[in-house]
Amino acid sequence: MHRAGKLVLRRLVGSIPVLLIVLVGTFFLLELASGDAVDAYLVSTGGGDAALVETLRANWGLDQSPITRLGLYLWNVLHLDFGYSVLLNRPILTVVLERLPNTLLLMGSAVALSFGIGSLLGIAAGSRPGSARDRLLSIGSLALYAVPSFWLGLVLVVVFSVQLRWLPLSGIETLASGKAGLDRALDIIRHLVLPVGALALIYLALYLRLMRAGMVEVWRQDFVLAARAKGLSRRRIVWRHVARNALLPLVTMLGLQSATMLGGSVVIESVFSIPGLGRLAQEAVSGRDTPLLMGIIVISAVLVILTNLIVDVVYAFLDPRVGASEASA
Amino acid sequence: MTKFLVSRRTLLGATAALLASTALPRAAFAQDAVKGGRLIVAADSEPRNLNPAIVASNGVFFIASKVIEPLAEASFDGENGLAPRLATAWTGSEDGLSATFTLREGVTWHDGKPFTSEDVAFSALNVWKPLQNLGRLVFANLEAVDTPDPLTAIFRFSKPTPFQLIRNALPATTSVLPKHLYEGTDIPENPANAQLVGTGPFKFTEYKPGEYYLLSRNETYWGESEPNLDEILYRVLPDRAAAAGALEAEEIHLAAFSAVPLADLARIGEVEGIEVISKGYEGLTYQLVVEINHRTEQLANLKVRQAIAHAIDKQFVVDTIFLGYATAATGIVPQNAPEFYNPETPQYAFDVDKANALLDEAGYPRAADGNRFTLRLLPAPYFNETRQFGDYLRQALAEIGIDAQIANNDSAAHQQAVYTDHAFDLAIAPPVFRGDPAISTTILLRTATAEGVPFSNQGGYSNTALDTLIDDALIAVDEEERTALYNEVQVVAAEDLPLINVAEWGFITVARTSVHNVSNNPRWAVSNWSDTWIDG
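Residue numbers (the working numbering), protein chains in the order written: chain A, 1 to 329; chain B, 1001 to 1536.
Have a look at this one:
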């Protein structure tokens, strides 16, 4: 595993400038938005006088120049101090780490589910391209892919929560229920069914189509022809030769998707009132809570970098050609 | 000027009926309250600071009013529209220099310490006057609070302060804090601002950010056998559609402050077991107002302002944007405030021809493209209705040849553009009328004393005659004289149009029919809910 170790190290070092660019970029983008945290605060509280405004700006460090604030912020982040949230008046690291598990749980299960089922359905569709089964699956997945996630979420809510009352409508668990252990785990699973379902159904279409396209592509290649000529069974060709090769683009997609997780979760977390990172990010933007948003972005960026690292390692395992040149360079 | 003779209660009833024309009447017969149970309520925001003595706003009151109590609360049938809370009696001196409060006996804080006049004196001098957004104005001249005994607090003012104003301000500005937890601390940063300690019927039990606030029954509450409920759980539901769904799925019992969008009300009102109630907000009437930047050359011309007023079809706004859940405004004081409302305020009927004629007279003829001039229009983003009215106003102004360019900002950006940079010509705002014109209304008209003060006179309007009236009213101790002055203020404001009042509305509560004693006072959503109960 010497090769993988080198790869990991190089990627980690390379991610430092990426993080810095993300930080500085976010900071200045937020600077460009008019209105600051004090403005947002005053709107939510019904106002105050000029003296109060001045005191707040001074207390929250908003009276200093943007460059000073950025410098101070970067220095603090270097010491793993993300500061205090202006909006929530609590340490940012605590707030983010509190919300992170919910988002990871939500997005993790949605991605795992859609990856698993999507690739299996993709194999089903791509093992006999052009068949009735293939066409049915392709049309179905296209229709699903065209549906916006919030709409699908609302439909699921109306049917399963409001009409049938089978599943809870919102939240991540029954509030202040005093449940613990297995009871609590089951409760959380019940709450996750609808939001995970809404997200997974849409991603599922994506993986299905990618897998199917890859299968069709690989079918035409010489080594498959050779395998068929050798008289291998269709089942063996599909699983050993075609599917394994067609899986590579899906793994790429999985890596890329980890970056869009936050964006996708904003909508679903709002619709289902799940206290996750996506909703927190949205609140941070509307409250002009720069430090909070930066904290969320830094921690998400670290997550994305880590996920991509794992994907790269998996990729190298699936296809020995990948990463070899980088590791030896 | 004719004196307004209809009693407050009759008029409150009449306006409530008017506002409630589409709502189902709540059964009036008394039922025995069931004890116990958890009431689950939708909360759409999580305030940074939950202390109502520092931040007097509806979002804070919604939760905090159950824990921390004011000296008195608004009431439909109490004397002067008030019901006692921590104070049982109050009188103002003839000269307006003092006000005496008799406090309730046998009240204890949630941590067991006794409640005394010391707490009131501390809250008034150290919190309401210097720190609270509304109290800074009401208690501006408060000099000292004498505490001759534990149940008497005498407020001393340096200048005559009308007792009428103090009385009207009691529900919103006099939340009492425990002195023993705040004295000698940095009050705005005190941990008790989040972990509230009060005298109210419910104790602050738990807050889980992003999920809920849990309040539980105060076993030692002074109210006899109250509260009825064991717990109130505020469920954080930022998505409006989620609140309607949660009510239908019986996951929550109640959504106040129009958490359910107006467009959904007709449908949800049909659902078995759900009621739409428009009562209970009379004490916090919102007003839809067109703010005018008087620094803009065209708008400094009275004829142009009159033309704009004539171009707005208020009834259309009420019917279309508010779907009937509002009333057309007649001036700066809403009809829901009969104590001050002047029915003889001049009106501007919807008349496009007249508006066009006025603009011609003002010297702004239509150019070849049909436009006279262009204005920047900034609708406040706080409500769907303010934004929708922005779209309507743009069309209405196009009819009279004014090209309004809408800029839709989020709240922080709107705040800066209008209140700090004055980078607007017309803005649409939703100020609140809080029981007395001196609290949050005349500040919109008086010559600005400081720049950049949010929710005050943003347009640079200045009228010495109006300023004099407002200043006289601020120190007018005699109630009749004070009321007469405010009647005059309404007339002058209507004649000179520093801003244009379009509509006034209260919020809508949607509740399961299993919840009882809903909306039984004019500030119900922000009152203490000690008599509220749910079917077992």
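Ideal placement from N, C-alpha and C gives every residue a C-beta, glycine not left out.
Practice prompt. Just the C-alpha distance for L1170(B) and L1359(B), rounded to the nearest angstrom, thanks.
Written response: Going from the Cα of L1170(B) to the Cα of L1359(B) covers about 45 Å.
Worksheet item: When you compare only the Cα positions, how much space is there between A1016(B) and Y1286(B)?
Response: Caution is warranted here: a pLDDT of 46 is assigned to A1016(B), below 50, making its placement in the model unreliable, and no coordinate value can be reported.
Worksheet item: What first and last residue would you give for the beta strand (DSSP E) that runs through I1277(B)?
Response: Here the beta strand (DSSP E) through I1277(B) covers 1274-1277.
Worksheet item: If we count the other Cβ atoms within 10 Å of its Cβ and call it buried at 16 or more, is L9(A) buried or exposed?
Response: Exposed.
Practice prompt. Check each candidate in I1428(B), A1423(B), I1475(B), H1414(B) and name the one with the smallest Cα separation from A1438(B).
Written response: The option with the nearest alpha carbon to A1438(B) is I1475(B).
Item to complete: Just the C-alpha distance for T1420(B) and E1282(B), rounded to the nearest angstrom, thanks.
Response: So the alpha carbons of these two residues sit roughly 31 Å apart.
Worksheet item: With a cut-off of 8 Å, does the C-beta of G83(A) fall near any C-beta of chain B?
Response: Taking CB atoms only, G83(A) has no neighbour in chain B less than 8 Å away.
Practice prompt. Taking only beta-carbon positions, decide if R288(A) is within less than 8 Å of chain B.
Written response: With 8 Å as the cut-off, R288(A) counts as an interface residue toward chain B.
Worksheet item: Hey, how far is the Cα of A205(A) from the Cα of Y145(A)?
Response: Rounded to the nearest whole angstrom, the C-alpha separation of A205(A) and Y145(A) is 6 Å.
Item to complete: Consider the Cβ of L169(A): report whether some Cβ of chain B lies at a distance smaller than 8 Å.
Response: Yes - at least one Cβ of chain B is within 8 Å of the one on L169(A).
Worksheet entry | 8 Å Cβ shell around S1021(B) - same chain, five flanking residues per side excluded | Interpretation of S1021(B) is limited by its pLDDT of 41, a score under 50 that renders its predicted location unreliable; the figure taken from the coordinates is listed afterwards. For S1021(B), where only same-chain residues beyond five positions count, the Cβ hits under 8 Å are G1324.
Practice prompt. Assuming A290(A) and L30(A) form a contact by the criterion Cβ under 8 Å, report the distance between their Cβ atoms to the nearest whole angstrom.
Written response: The sequence given here places Thr at residue 290(A); Ala does not occur at that position. Contact between T290(A) and L30(A) holds, since their C-beta atoms are separated by about 5 Å, short of 8 Å.
Worksheet item: Which value, in whole angstroms, describes the spacing of the CA atoms of S258(A) and T307(A)?
Response: So the two alpha carbons sit approximately 7 Å from each other.
Worksheet entry | Three-state secondary structure assigned by DSSP to Q1395(B) | Looking at Q1395(B) - three-state DSSP - the assignment turns out to be helix.
Practice prompt. Taking L1237(B) as the query, report the chain A residues whose CB atoms sit under 8 Å from its CB, ordered along the chain.
Written response: Near L1237(B) (Cβ distances below 8 Å), the residues of chain A are S170, S273.
Item to complete: Tell me, please, whether the CB atom of Y41(A) is closer than 8 Å to any CB atom in chain B?
Response: Yes, because at least one Cβ of chain B sits closer than 8 Å to the Cβ of Y41(A).
Discussion item. Tell me the DSSP secondary structure of P978(B) in three-state form.
Written reply: The structure shown does not extend to residue 978(B), since chain B spans only 1001 to 1536, so no value can be given for it.
Practice prompt. Just confirm the distance between the C-beta atoms of P1227(B) and F1202(B), as a whole number of angstroms; I'd bet it's less than 8 Å.
Written response: Their Cβ separation, rounded to whole angstroms, is 6 Å, which keeps P1227(B) and F1202(B) in contact under 8 Å.
Discussion item. If the cut-off is 8 Å on Cβ atoms, which residues from the segment 146-164 of chain A count as contacting chain E, listed in chain order?
Written reply: The chain labelled as chain E is not found among the protein chains of the depicted structure, namely A and B.
Worksheet entry | Paired residues, beta bridge with A1074(B) - DSSP | Beta-bridge pairing links A1074(B) to L1082(B).
Worksheet entry | Beta-carbon contacts of F981(B) that lie in its chain and below 7 Å, excluding the five residues immediately before and after | Outside the displayed span of chain B (1001 to 1536) sits residue 981(B), for which this structure offers no information.
Fill in: Proximity winner among L106(A), Q221(A), G197(A), W166(A), relative to S265(A) (alpha-carbon distances)
Considering only alpha carbons, the answer is L106(A).
Practice prompt. Mind checking the segment 93-115 of chain A against chain B and listing, in chain order, the residues whose C-beta falls within less than 8 Å of any C-beta there?
Written response: Sequence-ordered contacts of the segment 93-115 of chain A with chain B read V95, E98, R99 [C-beta pairs closer than 8 Å].
Discussion item. Which residues in chain B have a C-beta closer than 8 Å to the C-beta of D36(A)? List them in chain order.
Written reply: Residues of chain B whose Cβ lies closer than 8 Å to the Cβ of D36(A) are, in chain order, A1412, Q1416.
Fill in: Nearest neighbour of W1505(B), chosen from R1376(B), V1432(B), E1206(B) [CA to CA]
For W1505(B), the closest of R1376(B), V1432(B), E1206(B) by C-alpha to C-alpha distance is V1432(B).
Practice prompt. Pair every Cβ in the segment 1521-1531 of chain B with every Cβ in the segment 1056-1067 of chain B, then say whether three or more of these pairs are closer than 8 Å.
Written response: Look at the beta carbons and you see the segment 1521-1531 of chain B touching the segment 1056-1067 of chain B: at least three pairs across the two are nearer than 8 Å.
Worksheet item: Are the C-beta atoms of A33(A) and some chain B residue less than 8 Å apart?
Response: Closer than 8 Å to some Cβ of chain B, the Cβ of A33(A) qualifies, so yes.
Worksheet entry | Residues that Y1212(B) contacts on chain A, provided the C-beta gap is smaller than 9 Å | Those within 9 Å of Y1212(B) in chain A are G171, L175, A176.
Worksheet item: Near S233(A), what residues of its chain come up, given a Cβ to Cβ distance below 6 Å and the 5 sequence neighbours on each side ignored?
Response: Taken in chain order, the list of residues that qualify is empty.
Discussion item. Could you give the first and the last residue of the continuous beta strand (DSSP E) run that contains Q1306(B)?
Written reply: Note, Q1306(B): premise wrong, no beta strand (DSSP E); alpha helix (DSSP H) at 1302-1311.
Fill in: Neighbouring residues, chain A, relative to E1251(B) (Cβ below 9 Å)
Per Cβ cutoff of 9 Å: S161, P168, L169, S170, G171.
Discussion item. Under 8 Å: do the segment 170-178 of chain A and the segment 186-201 of chain A share three or more Cβ pairs, one atom per stretch?
Written reply: Inter-segment contact for the segment 170-178 of chain A and the segment 186-201 of chain A is present: three or more beta-carbon pairs are separated by less than 8 Å.
Worksheet item: So, does the CB of A1241(B) fall closer than 8 Å to a CB anywhere in chain A?
Response: Yes, A1241(B) lies at the interface with chain A (some Cβ there is under 8 Å from its Cβ).
Worksheet item: Under 8 Å, do V1145(B) and I1166(B) count as touching if we go by C-beta distance?
Response: No.
Item to complete: Quick one: grab the DSSP three-state call for K179(A).
Response: In this structure, K179(A) counts as coil in the three-state DSSP scheme.
Discussion item. Just to confirm my understanding: we take R1009(B), look at its own chain, exclude 5 residues before and 5 after, and list those with CB closer than 8 Å. What are they?
Written reply: Residue confidence is low: R1009(B) scores 43 on pLDDT, short of 50, so the model does not pin down where it sits. Its coordinate-derived value is still stated next. For R1009(B), where only same-chain residues beyond five positions count, the Cβ hits under 8 Å are F1076, D1077.
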